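Reviewing the structure listed below.
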Amino acid sequence: MTGERRGRGRPALFDGPTQDRYLAAVADGMYLNAAADRIGIHRNVPTRLARTDAVFGARLNDAKAEGRKRRIDNLPHDESRYCNYKCRCPQCTTAATTARTARRAQDTPPEQEDHGGESGTIHDLIPGPGTTVGKSVSSLLLLRAS
Ligand SMILES: [Zn+2]
């Protein structure tokens, strides 16, 4: 290999071109850690630089906002998009309406619920004799206090 060679153990350079590639990956919708892995830099490096370099910090924020938008844009148009991202396109609206209707039909209470017999499980919170209580003591006390 020609050109610059990094010494053993030296961290990867996060120079101008590398920053550009990183920011492009983030703006493309990659998560920060994934983008750092892709570029081959440590995950802390961009965050650290953003703290000291206001210009890079601003670019990183822009890239993150763009990436977030792109991730959302890539989501399928369905109920989750309707609910979580307020998409009101016909496809999302229809999906949300269909799902809601189905849930309501399902939520209709059944004729009878069986509460008799052995349906419940009783957990004994008090340790038996000879049991080492150990770490669970505080949680036991909390349970009893409530
Ligand atoms: Zn939609």
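In this text, residue positions in the sequence shown follow the working numbering: the first is 10, and each later residue adds one. The beta carbon of each residue, even a glycine, is placed where N, CA and C say it ideally should be. On a predicted model such as this, the values are computed, not experimentally measured, just so you know.
{"Item": "When you compare the CB positions of Ala-36 and Asp-62, do they come within less than 9 Å of one another, or not?", "Value": "no"}
{"Item": "Here's the rule: buried if 16 or more other CB atoms are within 10 angstroms of the residue's CB, otherwise exposed. What is Gln-28?", "Value": "buried"}
{"Item": "Any idea what DSSP makes of Tyr-40, helix, strand or coil?", "Value": "coil"}
{"Item": "Can you tell me where the alpha helix (DSSP H) with Ala-87 in it begins and where it stops?", "Value": "Residue identity differs from the one stated: residue 87 is Asp in this sequence, not Ala. First-last for Asp-87: undefined, no H or E at that position."}
{"Item": "If you pair each beta-carbon of the region 101 to 113 with each one of the region 85 to 93, do three or more pairs fall below 8 Å?", "Value": "yes"}
{"Item": "Have a look at Lys-95 and Tyr-40 and give me their C-alpha separation to the nearest angstrom.", "Value": "22 Å"}
{"Item": "State yes or no: is the C-beta of Arg-79 nearer than 8 Å to some heavy atom of ligand 1?", "Value": "no"}
{"Item": "Between which residues of its own chain and Arg-52 is the CB-CB distance below 8 Å, once the five residues before and five after are set aside?", "Value": "Leu-41, Asn-42, Ala-45 and Asp-46"}
{"Item": "Can you list, in chain order, the residues of its chain whose CB lies under 6 Å from that of Gly-66, leaving out five sequence neighbours each side?", "Value": "Ala-59"}
{"Item": "So Thr-106 is in the alpha helix (DSSP H); what residue range does that whole segment cover?", "Value": "99 to 116"}
{"Item": "Any heavy atom of ligand 1 closer than 8 Å to the beta-carbon of Cys-98?", "Value": "yes"}
{"Item": "Give the range of the alpha helix (DSSP H) segment to which Arg-60 is assigned.", "Value": "53 to 61"}
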